[in-house]
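Worksheet: one structure, shown below.
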Amino acid sequence: MTPDRFETESRKLLRRLRDVMASEAAGQARLDMITHLIADSMGTEVCSVYLFRDEDTLELCATEGLKPEAVHKTRMRLGEGLVGRVARTGSAVNTPNAPAEPNFRYMPETGEERYSSFLGIPIQRLGQVLGVLVVQSRDARTYSADEVYGLEVVAMVIAEMTELGAFVGEEKALARLHQQSVMIKGTAAQEGAAEGHVWLHEPRVVVTNPVAEDPTRETERLHTAVERLRGDVDRMLEMAGTTDKDHRQVLETYRMFANSKGWIRRMEGDISRGLSAEAAVEKEQSEARTRMMRVADAYLRERLSDLDDLSNRLLRLLTGQGQATGAEMPGDPILIARNIGPGELLEYGRTLRGIVLEDGSVGSHAAVIARALAIPLIVHAERITTEALNGDHILVDGDRGAAHLRPDETVATAFRDKIAMQAQAQKRYSSIRHEPAVTRDGQRVTLMMNAGLMADLPSLDSSGAEGVGLFRTELQFLVRNQMPRRSELSALYARVLESAGGKRVVFRTLDIGSDKVLPYMKATDEPNPALGWRAIRVGLDKPGVLRMQLQALLRAAAGGPLTIMFPFVAQFEEYRAAKAEVDKAIEREKILGHPLPSSLEVGAMLETPSLAFAPQKFFDEVGFLSIGGNDLKQFFFAADRENERVRRRYDTLNVSFLGILEQIVRRCEESDTPLSFCGEDAGRPLEALCLAAIGLRTLSMRPASIGPVKSLLLRSDLGQVADIIAEARETGEQSVRPAILKYLRDTD
Ligand code: PEP
Ligand code: MG
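So, in structure tokens, the structure goes:
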């Protein structure tokens, strides 16, 4: 056949497929007709469609040429046989001698041993394999590149039809993927349980017309949309200006793709085979996604992901779909996105019940915000954006890091019981919220809360926190597109102090670097950002921002009390230098005639083991210390707090770690230095109990943790807990956790 002839044949076949789709026929009948049409058009004896029955089982759903009795009976697991291989790898298998292939699996019920040649093409949509389309012939031949391409185009149309539910008929076995319930396992980034309905941050474009009649018109539509896309990218580049180099770089890549002749030519080729412009975009996007999953090189993956974004834009231009599709956000939205920026997340704010991200990371900005807003969050939830549809029922288990999409009733009921139990516990906590945390042996523990946004402040009252033990000022910087002005910061800090109504607020100066990179600051490419140029190191090397922030804090205090804390101080000298900046700022305010704080406390976070060994003079000089357990623990055990593989490997209640904490307590007692603990562990009841027992009498935590921690402290005896810790150490235990758990069980 000449190339033109192939195109005409392909268009004819696609037209016939479209007619089948438009017909009144039921799902199974449609599939039967399709296999018949393809076999006829390609001149093969067999054409079969296999679709996923569940996550790893493929089922023969229709066939022309194999035994009809095998339909809905023949199944194979992912990776099994040639069909399973196509599904697993997402790429075609084309062989003249199928039985000789290593993966070949003989299935007597189909009678297929008579067929020698085999061509299997994945039926995939946006990189997700939905099934496999197979043609087979008796004669031993390799299918030509044109035939493979033709079948790919057909597979694309079948994928779209599957997506649209074209095969959902009375045949239950042909379950549509998006109607099945699935459990997607990810990583817990913010605990809590939530039930609600899916709200896609960027809803997928639905292609309702994969087949088009008039290739000339479709090519024109494609060209017009590409022109608009180029215009959009140019405008974005203009807006980005010259300062934001990273952003510019991404946009330059966009521009390169938008002008890529190869990309456009491939889409034109798809159109000439009978696909509509949008189906052609999707076909190329799908293939790029499959490639993206295979490449190990992070840079290349990024570029492919840029192409993915660009394809989405092009699809939106072609279909006019997007967030403006008229879909209404459900009353109980669970946000589903590949990734989301902190600013966008803040715009949704507390309306969200839960968040599930396909990418993201525990330490991403979105996670920081979700944590601040106490919204359950799961990250690394593979395939969630392709599986979920707007309005789907979903359960988010932020404790286990699992999302149940379209759950069946038994799962939903068990989940609701869990939520009800948590709500009941919250009620109990609320009844003790104004009680001081005094243990059975009369020890008083001060419970403060961590905050970072204005939105956190109402929790001061509802949680019963005695103040803000850690105000992470970087959140205000992270959620903006440009550096906030001093006046803005000062107004915000003043509002924080006002809402705290006289309770102590410990403002931590900017803790950026490591995972917290400001979008408007030049990113430094460091091999080990957690050990790199971050927090007070940045503040001292480039003091402009630190000075501006100190001034904003002094003005916000407006003659009232003020507490300032420096993050990540690793040696005495850093504290001295930072403190000198405060003194200078005060001098300046004095000269300007501004009121000075009525009392000023300046302290440091102890987040590196080195500071625990600082000279005694440091402990004498520093106003107060707060242990940043998250960082201290990662450096103590040399285990990255963001790395899932090692994050939980070392227990906070490990006797060695408790040992360094005890030493810090002792040194602070000797110098009368107030000490607190503000890492995440302070909010875990068992950990909090042990911290209090070794002498940490001020704990700062997420507001939601105050109730559970206080409730345990009220019924505990710190003296007894301290004895158990000492005993565990004597007997050489690795962690005191088992002993404390036993003690709690016995005393309950
Ligand atoms: C810590 O390291 O424990 C801490 C409280 O600071 P952050 O989590 O913001 O690094
Ligand atoms: Mg820290």
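When you line the sequence shown up against our numbering, it's residues 23 to 770, in that order. We treat Cβ as the ideally placed atom computed from N, Cα and C, and that holds for glycine.
Our contact map puts VAL677 next to VAL758 with C-beta atoms below 8 angstroms; I'd like the distance itself, whole angstroms only. 6 angstroms between Cβ atoms; contact.
With a CB to CB cut of under 7 angstroms and the five nearest residues on each side skipped, what residues in its chain are close to ILE558? Answer for ILE558: PHE588, PRO589, PHE590, VAL591, GLU596 and ALA600, listed in chain order.
Three-state secondary structure (DSSP) of MET849: Within the shown structure, residues of the chain are numbered from 23 to 770, placing residue 849 beyond reach of any answer.
Which of helix, strand or coil DSSP assigns to GLY103: Assigned with DSSP and collapsed to three states, GLY103 falls in helix.
Taking the straight line between their C-alpha atoms, what separation do you get for LEU553 and VAL384? Distance between the alpha carbons of LEU553 and VAL384 is about 18 angstroms.
In angstroms, rounded to a whole number, what distance separates the CA positions of LEU186 and ASP414? The alpha-carbon atoms of LEU186 and ASP414 are separated by roughly 15 angstroms.
Cα-Cα, which of LYS449, ARG75, ARG147 and ALA61 is closest to ASP202? Checking the sequence, you will find Gln at residue 202 rather than Asp. The shortest Cα separation from GLN202 among LYS449, ARG75, ARG147 and ALA61 belongs to ARG75.
Output needed for GLU217: all residues of its chain with C-beta closer than 6 angstroms, excluding positions within five of it in sequence on either side, in chain order. Setting aside the 5 residues that flank it on each side, GLU217 is surrounded in the same chain by LEU417, each with a C-beta closer than 6 angstroms to its C-beta; the list follows chain order.
What is the rounded straight-line gap between the Cα of ARG8 and the Cα of LYS449? What is shown of the chain runs 23 to 770, which leaves residue 8 out entirely.
Got a sec? Which residues, its chain only, sit under 7 angstroms from GLU771 by beta carbon, not counting five neighbours each side? It is not possible to answer for residue 771, since the shown part of the chain is limited to 23 through 770.
Taking the Cβ atom as the reference point for each residue, do LEU675 and CYS712 lie within a distance shorter than 9 angstroms? Yes. Within cutoff.
Where DSSP assigns a beta bridge to SER698, which residues make up the other side? SER648.
Check whether the Cβ atoms of ARG724 and ARG393 lie closer than 9 angstroms to each other. Taking 9 angstroms as the Cβ cut-off, ARG724 and ARG393 qualify as a contacting pair.
Proximity winner among THR79, HIS402, ARG422 and PHE640, relative to VAL151 (alpha-carbon distances): Checked all of THR79, HIS402, ARG422 and PHE640; the closest Cα to VAL151 is THR79.
For the candidate residues PHE679, ARG569, ALA234 and ASP694, whose alpha-carbon lies nearest to that of ASP703? Per the C-alpha coordinates, the member of PHE679, ARG569, ALA234 and ASP694 positioned closest to ASP703 is PHE679.
Please report the straight-line C-alpha distance between SER648 and MET627, rounded to a whole angstrom. Taken atom to atom, the span from the alpha-carbon of SER648 to that of MET627 is near 5 angstroms.
Helix, strand or coil, according to DSSP, for ILE358 in the structure here? Strand at ILE358.
Run through DSSP, which three-state label would GLN345 get? In this predicted model, GLN345 has a pLDDT of only 48, less than 50, meaning its place in the structure is not dependable enough to derive any value.
Which complete beta strand (DSSP E) runs does the segment 113-141 hold, if anything under 3 residues is left out? Within the segment 113-141, the complete beta strand (DSSP E) runs of at least 3 residues are 115-117.
Extract the residue ranges of the beta strand (DSSP E) inside the segment 474-541, only unbroken runs of 3 or more that lie entirely within it. As far as the segment 474-541 is concerned, its whole beta strand (DSSP E) runs of at least 3 residues are 489-494 and 526-530.
Quick check on LYS194: buried or exposed, where buried means 16 or more other Cβ atoms within 10 Å of its Cβ? For LYS194, the predicted model reports a pLDDT of 40, less than 50, meaning its position is unreliable and no value from the coordinates is stated.
Identity of the residues DSSP links to SER159 by a beta bridge: For SER159, DSSP records a beta bridge to SER139.
With DSSP as the reference, please indicate the residues paired to GLU81 in a beta bridge. DSSP lists LEU73 and ARG97 as partners of GLU81.
For LEU575 and LEU540, which I take to be in contact (beta-carbon distance under 8 angstroms), what is that distance rounded to the nearest angstrom? LEU575 to LEU540, Cβ: 19 angstroms. No contact.
Spatial neighbours of GLY729 within its chain, please: C-beta separation below 8 angstroms, excluding the five flanking residues on both sides. The beta carbon of GLY729 sits closer than 8 angstroms to those of ALA447, GLN448, ARG450, TYR451, SER452, ILE454, ARG455, SER485 and GLY486, all from its chain and outside the five residues before and after it, given in chain order.
Residues sharing a beta bridge with MET627, DSSP: Its beta-bridge partners are SER648.
Sequence-distant residues of the same chain with beta carbon closer than 6 angstroms to ILE143, five excluded per side: So the qualifying residues of the chain are ALA114, LEU155, LEU173, GLU174 and ALA177.
Kindly provide the chain-ordered list of residues whose Cβ lies closer than 7 angstroms to any non-hydrogen atom of the ligand MG. Answer in sequence order: ASP533, PRO589, PHE590, MET627, GLU629, GLY650, ASN652 and ASP653.
So, is TYR137 buried or exposed, given that buried needs 16 or more other C-beta atoms within 10 angstroms? A buried status is given to TYR137, since no fewer than 16 other beta-carbon atoms sit within 10 Å of its beta-carbon.
Check whether the Cβ of ARG670 lies closer than 8 angstroms to any heavy atom of the ligand PEP, and answer yes or no. Answer for ARG670: no, Cβ out of range of the ligand PEP.
Segment limits, alpha helix (DSSP H) that includes VAL591: Per DSSP, VAL591 lies in no alpha helix (DSSP H); the unbroken beta strand (DSSP E) holding it starts and ends at 584-591.
Report the option in ARG372, SER521, ARG405 and GLN498 whose CA atom is closest to the CA atom of GLU510. Checking every option, the nearest Cα to that of GLU510 belongs to GLN498.
Using only CA atoms, which one of SER139, GLU169, TYR171 and THR184 lies nearest to ARG163? Among SER139, GLU169, TYR171 and THR184, the Cα nearest to that of ARG163 belongs to SER139.
For the beta strand (DSSP E) containing LEU417, list its first residue and its last residue. The continuous beta strand (DSSP E) containing LEU417 extends over residues 415-419.
According to DSSP, is LEU196 helix, strand or coil? At LEU196, the pLDDT of 39 sits below 50, so the modelled position is not reliable; the number obtained from the coordinates is stated separately. LEU196 falls in the coil class under three-state DSSP.
Where SER722 falls, given that 16 or more other Cβ within 10 Å makes a residue buried: With 16 or more neighbouring CB atoms inside 10 Å of its own CB, SER722 falls in the buried class.
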